[in-house]
Amino acid sequence: MSAETVSAWTGGCLCGSVRFSLAEEVARFSACHCSMCRRWSSGPFLVVHVHGPVTWTGEEHISRYRSSEWAERCFCSRCGTNLFYFLIPTGETILSLGTFDDQDGFTMSGQIFIDEKPPGYTFANDTKTMTGAEVFAMYGAGSDPDDAG
Numbered sequence: 001m002s003a004e005t006v007s008a009w010t011g012g013c014l015c016g017s018v019r020f021s022l023a024e025e026v027a028r029f030s031a032c033h034c035s036m037c038r039r040w041s042s043g044p045f046l047v048v049h050v051h052g053p054v055t056w057t058g059e060e061h062i063s064r065y066r067s068s069e070w071a072e073r074c075f076c077s078r079c080g081t082n083l084f085y086f087l088i089p090t091g092e093t094i095l096s097l098g099t100f101d102d103q104d105g106f107t108m109s110g111q112i113f114i115d116e117k118p119p120g121y122t123f124a125n126d127t128k129t130m131t132g133a134e135v136f137a138m139y140g141a142g143s144d145p146d147d148a149g
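Using this note's numbering, the first residue of the sequence shown is number 1, and each one after it goes up by one.
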């Protein structure tokens, strides 16, 4: 499958207790280097912004942790897989790239909180980058960081 030919994207957690599907065409992912995402995912958090509905099975196994005034970090209560980041003000679901069954066809489009990235790693991809201040300014305007620049 590739982003151009897939009609429904699917994925889930490590143990299979939580599954998702979405009909929206997705082809881009971004990396968040903020300290909370790095602590939560043990490195940069690779994410897919979803604008349409996500259909879940096994929702009873999704635990939510309110990590800030504006967001929840959601994970499988059985195996601990980081499933998604939920933006409370916009209702946006930001899925973990690693949870997708098929990751072929995805392209890295951006990096946020680049000012918090530790010096020990660098992505070779030439992407749009934003500082934390730029991200907060953009979300205040209700925009998607993947659409910037």
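The beta carbon of each residue, even a glycine, is placed where N, CA and C say it ideally should be. Predicted, not measured: the structure shown is a model, and the values here were computed from it.
For Leu14, the three-state DSSP class (helix, strand or coil): Here Leu14 sits in coil by DSSP.
Local conformation of Gly105 per DSSP, three classes: Looking at Gly105 - three-state DSSP - the assignment turns out to be coil, as it is neither helix nor strand.
Boundaries of the alpha helix (DSSP H) in which Cys37 is found, first to last residue: Its alpha helix (DSSP H) spans residues 35 to 41.
Best match in Leu22, Glu59, Val26 for proximity to Gly16 [C-alpha to C-alpha]: Looking at the Cα atoms, Glu59 is the closest of the given residues.
Backbone secondary structure at His49 - three-state DSSP: In the structure shown, His49 sits in a strand (DSSP, three-state: E or B).
Separation of Leu22 from Thr55, as counted between CA atoms: C-alpha separation (whole angstroms): 6 Å.
Short Cβ contact (8 Å threshold) for Gln111 with His33: With contacts defined by Cβ atoms closer than 8 Å, Gln111 and His33 form a contacting pair.
Cut-off 7 Å between Cβ atoms - residues of its own chain near Asp115, not counting five sequence neighbours on either side: Closer than 7 Å at the Cβ level, and outside the excluded window around Asp115, lie Thr131, Gly132.
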